[in-house]
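**Student:** Start counting the sequence shown at -17; every next residue gets the next number (my numbering).
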Amino acid sequence: MLINKRIILGITGSIAAYKAAYLARALIKNGAEVQIIITPSGKEFITPVTLSALTGKPVICDFFTANTGEWHSHVDLGLWADAMIIAPATASTIAKMANGVADNMLVTTYLSAKAPVFVAPAMDLDMFRHPSTINNINKLRSYGNYIIEPTTGKLASGLDGKGRMEEPEKIVALLDDFFSKGRLLAGKKVLVTAGPTYEKIDPVRFIGNYSSGKMGYAIADAFAACGAEVTLVSGPVNIESAHHSVTRVNVESARQMCTAAEEYFAVADIAVMCAAVADFAPRDYSAGKIKRTGEDLMLQLVPNPDIAAKLGRVKRKEQILAGFALESENGEENAVRKLKNKNLDFIILNTLADKGACFGGDNNKVTIINQLGEQEVYPLKSKAAVAQDIVVYTINLIK
Ligand code: PMT
-17 MLINKRIILG ITGSIAAYKA AYLARALIKN GAEVQIIITP SGKEFITPVT LSALTGKPVI
43 CDFFTANTGE WHSHVDLGLW ADAMIIAPAT ASTIAKMANG VADNMLVTTY LSAKAPVFVA
103 PAMDLDMFRH PSTINNINKL RSYGNYIIEP TTGKLASGLD GKGRMEEPEK IVALLDDFFS
163 KGRLLAGKKV LVTAGPTYEK IDPVRFIGNY SSGKMGYAIA DAFAACGAEV TLVSGPVNIE
223 SAHHSVTRVN VESARQMCTA AEEYFAVADI AVMCAAVADF APRDYSAGKI KRTGEDLMLQ
283 LVPNPDIAAK LGRVKRKEQI LAGFALESEN GEENAVRKLK NKNLDFIILN TLADKGACFG
343 GDNNKVTIIN QLGEQEVYPL KSKAAVAQDI VVYTINLIK
């Protein structure tokens, strides 16, 4: 999928430099032509001989080759590339890139590059969360560079935390998405809600439901793969988004979800409400654990806000608002009623009667219904494939 793509891989002085060898190999395996530029400290971690053996090209470190005097033109390199990836990117290189400190071949080439630039930070957790690193990364984002968020886990220091360079396969998948799906939704802001809500009864109990978040997360990832900037407002789930440009906002209760959804909807172009929101919450929260008495326990429930309906009331003409209908019977009729009542542009009906669909599993079977009553019926598919259908449906609406 990266056939004939010309990629500059910048390697800096981090223990994660060994991963760059795997990354170079994976890029080449996917059809890319790779030119490596390494910083002087990068060479302390991985030898240029290994890297040039993998790419079939001399590794560039200096502005010229000492014995021949051959000059390496950063400008030509910057124009040659279809993409530039700096992986691993140390705090120091990020700071230089953010501030235009062109004291080595890599940063000089970065400043000349016309192609999209991807930066995969790798550093210790405290360096990563230091305000100066945060500011520098934000600066790179503001220049239009793509930050490939580091992952959380055991770090070279022995500490546990965020700072591990993303795995090479994920970086390749990200580039693949970038080139193959294009930038269909570039510049669009998308809000997705996902997962269940928990409505607290006491410190140990809550009212919840079986939503795993899989459907909503797949939708968030599918929009992100088309270049959208996605905010995923998520109830409590045990999964992660696979996409670097999905920003997750964690909430627990329906009221918290409502506040977050209202905030992000105000700036969103598209919203898909996939969360299984509890319609009711206990009227009173008991600060102490409710004791068993042998008697019946009466819980009084009060209605939660209908988040989709609230967004539907403030929806602007150019915004697209989609919702789900989770039904056990009279699916179509109920879905159409929800579509109208909540002022949605379209609704995605899934029914518990369809085996293998809805909660928990990896598949779903949906029917999309629009304001004109037109229906698109889809077969049972993976949630990732259903998510793509929803993205395609949305793109067709805004075309
Ligand atoms: O998370 P998974 O395990 O992958 O399962 C996916 C799913 C089955 C949860 C998902 O496909 C789904 O159907 N989500 C919507 C569940 C739901 O609450 O449906 P509903 O018919 O009760 O609600 C209709 C719409 O209003 C939904 O868009 C819902 O998010 C929204 N709603 C509902 C209640 C409420 N108080 N506020 C809302 O915004």
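Note that CB positions come from ideal geometry on N, CA and C, so glycine has one too.
1. Rounded to a whole number of angstroms, what is the C-alpha to C-alpha distance between E356 and S235?
2. Below 8 Å between beta carbons: does that hold for K347 and D336?
3. Give me the residue from T91, S74, M147 with the minimum Cα distance to A65.
4. Over the uninterrupted beta strand (DSSP E) stretch that includes A304, give me the two end residues.
5. Among N117, K(-13), T75, which has the Cα closest to the Cα of T(-6)?
6. Does the beta carbon of I(-3) fall short of 7 Å from some heavy atom of the ligand PMT?
7. Which class does P70 belong to by DSSP, given the choice of helix, strand or coil?
8. Relative to the ligand PMT, is the shortest distance from any of its heavy atoms to the C-beta of V215 smaller than 7 Å?
9. Within the same chain, show all residues whose beta-carbon is closer than 6 Å to that of S23, passing over the 5 residues directly before and after it, in chain order.
10. Cβ of M197 within 7 Å of any heavy atom in the ligand HEM?
11. Using 7 Å as the cut-off, classify the Cβ of G169 as near or not near the heavy atoms of the ligand PMT, replying yes or no.
12. Assuming H56 and M79 make a contact with CB atoms under 8 Å, what is their CB distance in whole Å?
13. How would you call M280, buried or exposed, if buried means at least 16 neighbouring beta carbons within 10 angstroms?
14. As an exercise, report each continuous alpha helix (DSSP H) stretch of at least 4 residues that is fully enclosed by the region 18 to 45, in chain order.
15. Measuring CB atoms only, is the region 168 to 187 touching the region 0 to 11, in the sense that at least three cross pairs come out at less than 8 Å?
16. Can the beta-carbon of F46 be found closer than 8 Å to that of I67?
17. Under the three-state reduction of DSSP, which class applies to G145: helix, strand or coil?
18. Between the C-alpha atoms of K363 and L156, what's the straight-line distance to the nearest angstrom?
19. Consider the C-beta atom of C208 and the heavy atoms of the ligand PMT; say whether any pair is separated by less than 7 Å.
20. Does Y360 come out as helix, strand or coil in the three-state DSSP assignment?
21. Determine the extent of the beta strand (DSSP E) in which G135 is found, giving its start and end residues.
22. Are the CB atoms of T133 and E148 within a distance shorter than 8 Å?
23. Identify the continuous alpha helix (DSSP H) that holds L9 and give its terminal residues.
24. Could you check the C-alpha separation between T213 and G82 for me, to the nearest Å?
25. Beta carbon of G217, beta carbon of Y192: below 8 Å?
26. Excluding the 5 residues flanking S223 on each side, which residues of the same chain have their C-beta closer than 7 Å to its C-beta?
27. Please confirm whether any heavy atom of the ligand PMT lies closer than 7 Å to the CB of D203.
28. Is any non-hydrogen atom of the ligand PMT found closer than 7 Å to the C-beta of T175, if you look at the structure I gave you?
29. Starting from L61, follow the alpha helix (DSSP H) in both directions and report where the run begins and ends.
30. Out of T376, A243, R146, N120, which one is the CA nearest neighbour of D106?
31. Taking C-alpha atoms, which residue in A250, Y125, N120 lies nearest to K96?
32. Spatial neighbours of L33 within its chain, please: CB distance less than 8 Å, with the 5 preceding and 5 following residues excluded, ordered by chain position.
33. Classify S114 as buried or exposed, calling it buried when 16 or more other Cβ atoms lie within 10 Å of its own Cβ.
34. Rounded to a whole number of angstroms, what is the C-alpha to C-alpha distance between E52 and V368?
**Tutor:** Quick look at the numbers:
1. Numbered from 1 along the sequence shown, position 374 holds the residue referred to as residue 356. Numbered from 1 along the sequence shown, position 253 holds the residue referred to as residue 235. Approximately 34 Å, taken between the alpha carbons.
2. Along the sequence shown, read from residue 1 onward, the residue named residue 347 stands at position 365. Along the sequence shown, read from residue 1 onward, the residue named residue 336 stands at position 354. With contacts defined as CB atoms closer than 8 Å, K347 and D336 qualify as a contacting pair.
3. Taking the first residue of the sequence shown as 1, we reach residue 65 at position 83. Taking only the C-alpha atoms, the option nearest A65 is T91.
4. In the sequence shown, counting from the first residue as 1, residue 304 sits at position 322. Boundaries of the beta strand (DSSP E) harbouring A304: 302 to 309, taken from the DSSP string.
5. On the sequence shown, position 12 is the one that residue -6 refers to. Considering only alpha carbons, the answer is T75.
6. Counted from its first residue, the sequence shown places residue -3 at position 15. The answer is no for I(-3).
7. The residue given as residue 70 occupies position 88 in the sequence shown. Three-state DSSP puts P70 in a strand.
8. Here residue 215 refers to the residue found at position 233 when the sequence shown is read from its first residue. The answer is no for V215.
9. As a working note, residue 23 is residue 41 in the sequence shown. For S23, where only same-chain residues beyond five positions count, the Cβ hits under 6 Å are G(-5).
10. In the structure shown, the ligand HEM is absent; the only ligands present are the ligand PMT.
11. Along the sequence shown, one-based indexing puts residue 169 at 187. For the ligand PMT, not one heavy atom lies less than 7 Å from the Cβ of G169.
12. The sequence position of residue 56 within the sequence shown is 74, counting from 1. The sequence position of residue 79 within the sequence shown is 97, counting from 1. Rounded, the Cβ-Cβ distance is 13 Å, inconsistent with contact.
13. Residue numbering aside, residue 280 sits at position 298 when the sequence shown is read from its first letter. It counts as exposed.
14. 30 to 37
15. Put simply, the region 168 to 187 does not touch the region 0 to 11. Fewer than three CB pairs are less than 8 Å apart.
16. As a first step, residue 46 must be located in the sequence shown, where it is residue number 64. As a first step, residue 67 must be located in the sequence shown, where it is residue number 85. Taking 8 Å as the Cβ cut-off, F46 and I67 do not qualify as a contacting pair.
17. Position 163 of the sequence shown, counted from the first residue, corresponds to residue 145. Residue state, collapsed to three classes: strand.
18. By 1-based counting over the sequence shown, the position of residue 363 is 381. By 1-based counting over the sequence shown, the position of residue 156 is 174. Answer to the nearest angstrom: the Cα atoms are 23 Å apart.
19. As a first step, residue 208 is located in the sequence shown; it is residue number 226 there, counting from the start. False, no ligand heavy atom lies under 7 Å from that Cβ.
20. For the purposes of this step, residue 360 is taken as the residue at position 378 of the sequence shown. If DSSP states are grouped into helix, strand and coil, Y360 belongs with coil.
21. Counting from one through the sequence shown, the residue named residue 135 turns up at place 153. 133 to 136 is the extent of the beta strand (DSSP E) around G135.
22. Locating residue 148 in the sequence shown gives position 166, counting from the first residue. Locating residue 133 in the sequence shown gives position 151, counting from the first residue. Contact: yes.
23. As a position in the sequence shown, residue 9 is number 27, starting the count at 1. That run of the alpha helix (DSSP H) goes -1 to 11.
24. The count along the sequence shown starts at 1 and reaches residue 213 at position 231. The count along the sequence shown starts at 1 and reaches residue 82 at position 100. Straight-line Cα distance between these residues: approximately 30 Å.
25. Within the sequence shown, numbered from 1, the residue matching residue 217 stands at position 235. Within the sequence shown, numbered from 1, the residue matching residue 192 stands at position 210. It is not a contact, given that the beta carbons lie outside the stated cut-off.
26. The residue given as residue 223 occupies position 241 in the sequence shown. Cβ within range, chain order: Y199, A202, D203, L214, R230.
27. For the purposes of this step, residue 203 is taken as the residue at position 221 of the sequence shown. Not so, every heavy atom of the ligand PMT lies at least 7 Å from the Cβ.
28. For this step, residue 175 is matched to residue 193 along the sequence shown. Yes, the ligand PMT has a heavy atom inside 7 Å of this Cβ.
29. As a position in the sequence shown, residue 61 is number 79, starting the count at 1. Looking at the DSSP string, the run of the alpha helix (DSSP H) that includes L61 is 56 to 62.
30. For the purposes of this step, residue 106 is taken as the residue at position 124 of the sequence shown. Nearest in C-alpha terms to D106, of all of T376, A243, R146, N120, is R146.
31. By one-based count along the sequence shown, residue 96 stands at place 114. Comparing Cα positions, the closest option is Y125.
32. In the sequence shown, counting from the first residue as 1, residue 33 sits at position 51. Once the five neighbours on either side are set aside, the close Cβ partners of L33 are I(-7), A2, A3, A6, I18, I20, V41.
33. Along the sequence shown, read from residue 1 onward, the residue named residue 114 stands at position 132. Under this definition S114 is an exposed residue.
34. Locating residue 52 in the sequence shown gives position 70, counting from the first residue. Locating residue 368 in the sequence shown gives position 386, counting from the first residue. Cα-Cα distance, rounded: 54 Å.
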